[in-house]
Amino acid sequence: MHWIDYASPHSVREAVDLLNEAGGSARPMAGGTDVLVQLRANALPDVNLLVDMKNIPELNEMTMDPEVGLTLGAAVPCYKIYGNKAIEHAFPGLIDCASLIGGTQIQGRASLGGNLCNAAPSGDSIPVMIALGGVARISGPSGDREVPLEDFCTGVRRTVIQQGEILVSLHFPAPVANQGANYMRFIPRNEMDIAVAGVGCSVVLDNGNIKSARVALSSVAPTPLYVKEIGDAIAGKPANEETLKLAGQMAKDAAKPITDMRGTIEYRKHLCDVLTRRSLQIAIDRAKES
Amino acid sequence: MPAKTYVRTIINGEHVDFLCEPRQSLLECLRDVIGLTGTKEGCNDGNCGACTVSMDGRIVTACLVLGVEAEGKEITTIEGIAKGSQLHPVQQAFLENAALQCGICTPGFIVSSVALLEKIPQPSEHQIRFWLANNLCRCTGYDKIVRAVQDAATKM
Amino acid sequence: MTTTDYERNIVLSNVEYNVVGTRPVRPDGADKVTGRALYGADFDTSGLLHGKVLRSPHAHARIRSIDTSKAEALQGVLAVVTGKDMPHEADESDGTKYSRDNILASDKVLYKGHAVAAVAATNPHVAEEAIGLIEVDYEVLKPVLTAPEAMKDSAPILHEGLKTEELGEKTDKVSNIANHFQHVKGDIAKGFADADVVVEREYNTVTVHQGYIEPHGATALWNTDGRLHIWCSTQGAFTARDATAGILGVPVSQVRVTPMEIGGGFGGKIPVYVEPIAALLSKKSGHAVKVVMSRAEVFESTGPTSGSNIRIKVGAKNDGTITALQGYLAFEAGGYPGSPVNAGAICIFAAYDVDNVLIDGYDVVVNKPKSAPYRAPGAPNAAFACEQAIDELAGKLGMDPIDLRLKNAAVEGTRRPDGPAFPRIGCVEVLEAMKNHPHYSAPLGPNQGRGVAIGYWFNIGFQSSVNINVNSDGTISLIEGSTDIGGTRASISMQAAEVLGIPMEDVRPSVVDTDSIGFTAVTGGSRTTFATGWAAYEAAQDVARQMIERAATIWDVDKDGIELKNGVFQSKADPELKMTFKELSGQLLDTGGTVVGRASMNAGGLGAGGGSFAGNIVDVEVDPDTGKTLVTRMTAIQDAGKAIHPSYVEGQMQGGSVQGIGWALNEEYYMRDDGSMANTSLLDYRMPTSLDIPMIDTVIVEVASAEHPYGVRGVGEANIVPPTPAIANAVHSAIGIRMANLPINSVAIMEAKWKQQGN
Ligand SMILES: Cc1cc2nc3c(=O)[nH]c(=O)nc-3n(C[C@H](O)[C@H](O)[C@H](O)COP(=O)(O)OP(=O)(O)OC[C@H]3O[C@@H](n4cnc5c(N)ncnc54)[C@H](O)[C@@H]3O)c2cc1C
Ligand code: FES
Ligand code: FES
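Protein chains in written order, with our numbering: chain G, 1 to 290; chain V, 1 to 156; chain H, 1 to 759.
The structure is reproduced here in structure tokens:
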């Protein structure tokens, strides 16, 4: 690896200043499970300063408020998320992805903020975070702003984050009654793998009917794909097999995958159908139990 | 060449200070700077678990931690698992169950398994396999490793 | 995944020993569970430099020029070497040129990852920066990646000087086919004429890697006195010494290899890669130089095993008698000749006693890393084809697949297609153990299928040396040259302990360097417990003889009147005259000096001990919607001859089975058209994790080999032969489709289903 420097700021301001001063040559680092691998593989030749996010209090926040919802610091590692009873209860969909990124050791470091900012098409946390209506809270040299997560990723490894900005936290509205969510991916192994395709969804039920739903896909487009049309089409329909079939078919149609070592276009589209049906079913079951 | 960084840690219960370049991983620092070569490198990108150490009570792959990040942290490596000349029950169970062949994965598996049993004292087979999925072993087919962890669980 | 506690291992044995067959803790165990054992990358010495290798980004290219000046100028760099630093004498043979070029290319690069230059620096990061400063001018050529493609007349040629050897004769034809050979038995045309039923199929397997967890690593010090000392992780210190000396053009006496502990090899650590490079860097820099590979280098630059194209034609009578077996095997050798096609050809039909056999084998160079041995090299490819065809034949005949195999099973005296007749073997016994196992008749769940297969590996004998020093406290120090890759210090010590009637714990084994023990061949070919164990047996017999003579001197009786039984020297005539091994050991120094026992022996060639048969019963469950296949239950059955340490025999069987699962379902070199491998990390090269597999039930069958004093057969390899076809047969049983190509991953299964459904 080429020479890099390391800084560990203790406030958002300090971090933003460091990143701003360094121009394009500095990179935030949370758990480092993407950025260190990329540096070592020579994929970030221009980066020569890593700015550690883990010692900034706001980025370690985990606050659950029954009214306001969940504020999750961008650097909170996965294991703290699935170790949190309140989150487990209110956001089982987040637990799904936090407990399947990497393995035990990776989850000791990896953050959902890092997963999002890395903006891989396969990023496992992103679809369900979109489905949950998550919002990114960003701080930068010119102040703070909020971006809905479906607008966050703009291309393969590209996001709305501008130079000098950092993701401070993720915000999720408190779940309403009869809401359920899920993330499900397909991988050839049972753990430690990159999604061939993935589906995150959230549904709200009303007397056996789907009141509203949000579905997003991973690994089948340059960015995680929010398929708003699915929610529009199944809202008001009964939570039955026929509706799931419709959703599956729409996911299949919306997916724009490529053929690579993980799967073919045809197979990935097929998976979108299967996974959407299966994932929605789990979300529906959870909504019924909630 | 820019300056190295001074890092203060507690490793296996002892205060250890060292100098490192910020680009050096904790794994490199343990092996090349401090001389603790029991922690192994199999991939250098988080996949094999041979470099597993415990940092502030949580297992991580030392290849994906920078040495400078260890500042102020408590680290346990394979060299710190036995109590003096007394092997940890997990180490003893690995020996008695022939849970190692070449042994390169063994330090990582032992550090991970000790952490598992601290968290879940009587894990199911599935829980063991799930927890250990970040540790690869190519020799044993995992059967005897899983049995060793089950055996250690009954003896702790 | 279900949690099933299967019936534990069944050992079928009829001889009782004191030490052999027990399960003591291995002698090197304490070091290996505490992190003290030192592996290849753990070596350190004063003034150590770190080396890194520049590798070709192209799969096929001519090197026009290399400019190393910027790298040499970088601060902290002490040496840079290229192919020009290799000796390349005027009368260099093709074989020697190939072996040198594979270490550091001279004129052409033949695979992506081929080494072209190397740097030694004060720090590995500086060395890495320096290789980035080396400028190589390449003329990029079109690569060819599979055997069928490379065999075409229009294919790009890898070696302009490579002329095909055709049935033992050198021809003038320049092609990528290095060799075509045949094994013929009986009359193949008559065999098919006699058949009522014929199955004919084509199969393909892709390149896969051994996947040992420890990357290759070596440190070399080329001293000012001209002696070269290498510390490395290798399966054979002597073969590493001889190969390195040959590549560097120096006498073997000038090279000393100290084997470090080895973190897995499975055949892949028999060849040398970084050893000669570290040596050249050391010679230039005057320092010790350590070179350790990255994981990507391990995948791209060390020998995986061959991809292959295999055709099978089998004919049988309606009663199940197989009348003809025909095989065509074309194996990818990688960049230089030398695939394991011949080993595959020896094993492909070895389980069957059939009169009419014809096998054609082709060794074909392609633009991939030069293949290296991988656990029963060639045999799993061969079995994947043959054992599926046999399964299909059983289906056509309406016979139970194990019964069909039993009806045609090879026995003592059966001629292998390549010539030799089998000594005592356990093919029938393994098949019977499979048939009788409760797993074979257990019920299956929905979407599940069951498959069986049998496989053979011939095993090798070769040279081994052991010295034993008797210590005055009654322990012995056992000095050996076989690197311990999986518990062989235990299995070798146990055989010496058995002879001397002492506990294994009283044996102190040491694996030593090439200056400190007689020649010992590789830890490979399933030979170590067989051959080095046998040498330990002979060395212990030598100790026993000398100790009996000493007892005779002390008691002043005839040595023929003394025997050693259960660790006690005893006069046959006078029951009062007896001494334990320990008591006599304590008297040695005062009665003529210590006793040193020695053995250096050749334990036979290819096929030593008759080889080993292994079988599998496998259940899979296939997700009908995604094609994802899980192995839900697997039983491994193998003839060990005699299991010296049953735990480590089971471990070999379980490890081989799980490598087989990976090979069957997910592992592959995913090659891009430009000849680069897309999945060079352990994330994307999907070896099984603990969560992907069930417990692996084992049955050790013990049909004693006629040669070895305890009846041992090597068990390291045969166990990886049956898993791929057994899994393919199980998938067929689950979904009704024959999967003729590896890997049988979820995409392949769904595509096969769609094809069958006609869309
Ligand atoms: C062995 C292994 C297995 C893996 N398995 C999976 C998997 O199953 N699924 C999956 O989705 N991923 C997987 N990953 C990838 C990775 O672990 C995840 O993407 C993880 O969530 C990244 O989090 P991190 O905190 O480590 O990110 P980092 O590596 O620290 O950062 C990732 C990116 O985000 C940027 N960044 C981080 N924090 C901020 C911030 N606050 N503001 C602005 N930018 C920021 C960084 O600059 C970098 O570009 C795996 C990685 C490894 C090594
Ligand atoms: S070396 Fe760190 S996980 Fe493999
Ligand atoms: S014992 Fe060799 S990798 Fe696990």
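Ideal placement from N, C-alpha and C gives every residue a C-beta, glycine not left out. Keep in mind the model is a prediction, meaning the values are calculated, not measured.
W457 (chain H): member of the beta strand (DSSP E) spanning 448 to 457, first to last residue. Against chain H, the CB of I126 (chain G) has no partner CB under 8 Å away; the residue lies outside that interface.
By the Cβ neighbour-count rule, D144 (chain G) is exposed, with fewer than 16 other Cβ atoms within 10 Å of its own. Chain G has a Cβ within less than 8 Å of the Cβ of F130 (chain V).
Ranking H:P24, H:A333, H:Y328, H:G398 by CA distance to the CA of F349 (chain H) puts H:Y328 first.
S65 (chain H): member of the beta strand (DSSP E) spanning 61 to 67, first to last residue. The nearest non-hydrogen atom of ligand 3 is less than 7 Å from the C-beta of I213 (chain H).
Between the alpha carbons of D67 (chain H) and V116 (chain H) lies a distance of about 11 Å. Neighbours of D684 (chain H) in chain G, taken as residues whose beta carbon is under 9 Å from its own, are D193, I194, M261, R262 in chain order.
Looking at the backbone, the Cα of I744 (chain H) and that of V649 (chain H) are separated by about 28 Å. Restricted to the stretch 29 to 95 of chain V, the beta strand (DSSP E) segments that are unbroken, complete and at least 3 residues in length are 52 to 55, 58 to 61, 74 to 76, listed in chain order. At least 8 Å separates the CB of L117 (chain V) from every CB of chain G.
With a threshold of 8 Å between beta carbons, N679 (chain H) makes contact with chain G. Spanning the alpha carbons of V53 (chain H) and I131 (chain H) requires a straight line of approximately 7 Å. With a contact defined as Cβ atoms closer than 8 Å, N666 (chain H) and A453 (chain H) miss out at about 19 Å. For L271 (chain G), at least one C-beta of chain H is nearer than 8 Å to its own C-beta. In the three-state scheme derived from DSSP, where H, G and I count as helix and E and B as strand, Q24 (chain V) is classed as coil. In the DSSP assignment, G191 (chain H) falls outside any beta strand (DSSP E) and within the unbroken alpha helix (DSSP H) covering 188 to 193. With 6 Å as the limit, the residues whose C-beta approaches any heavy atom of ligand 2 more closely are V:E41, V:G42, V:C43, V:N44, V:G46, V:N47, V:C48, V:G49, V:A50, V:C51, V:T61, V:C63, in sequence along the chain. Beta bridge pairing from DSSP links D260 (chain G) with G:G263.
According to DSSP, residue pairing for G315 (chain H) in a beta bridge involves H:V198, H:A324. In the DSSP assignment, R137 (chain G) is bridged to G:E146, G:S169. CA-to-CA, the gap between F94 (chain V) and A218 (chain H) works out to about 28 Å.
Contact between the stretch 25 to 39 of chain H and the stretch 99 to 112 of chain H is absent: fewer than three C-beta pairs spanning the two stretches fall below 8 Å. For D556 (chain H), no alpha helix (DSSP H) encloses it, and the DSSP letter there is neither H nor E.
S233 (chain H) carries a coil assignment under DSSP once its states are collapsed to helix, strand and coil. Of all residues in the stretch 126 to 153 of chain V, the ones placed with a Cβ closer than 9 Å to any Cβ belonging to chain G are R129, F130, W131, L132, A133, N134, N135, L136, in chain order. Restricting attention to G:N115, G:P127, G:N182, the CA atom closest to the CA of R157 (chain G) is found in G:N115. Looking at the backbone, the Cα of Q654 (chain H) and that of T140 (chain V) are separated by about 6 Å. The residue from H:H287, H:E149, H:E297, H:V174 with its alpha-carbon nearest to that of H229 (chain H) is H:H287. Of all residues in the stretch 9 to 37 of chain V, those with a C-beta nearer than 9 Å to a C-beta of chain H are E21, R23, Q24, E28, R31, D32, G35, L36, T37, reading in chain order. Remark: the C-beta of R241 (chain H) is outside contact range of ligand 1, defined as less than 7 Å to any heavy atom. Not one heavy atom of ligand 3 falls within 7 Å of the beta-carbon of C20 (chain V).
I130 (chain G) sits buried, since 16 or more C-beta atoms from the chains shown fall within 10 Å of its C-beta. The beta carbon of Y82 (chain G) does not come within 8 Å of any beta carbon belonging to chain H, so the residue lies off that interface.
Using a 10 angstroms sphere on the CB of N240 (chain G), the tally of other CB atoms stays under 16, which defines it as exposed.
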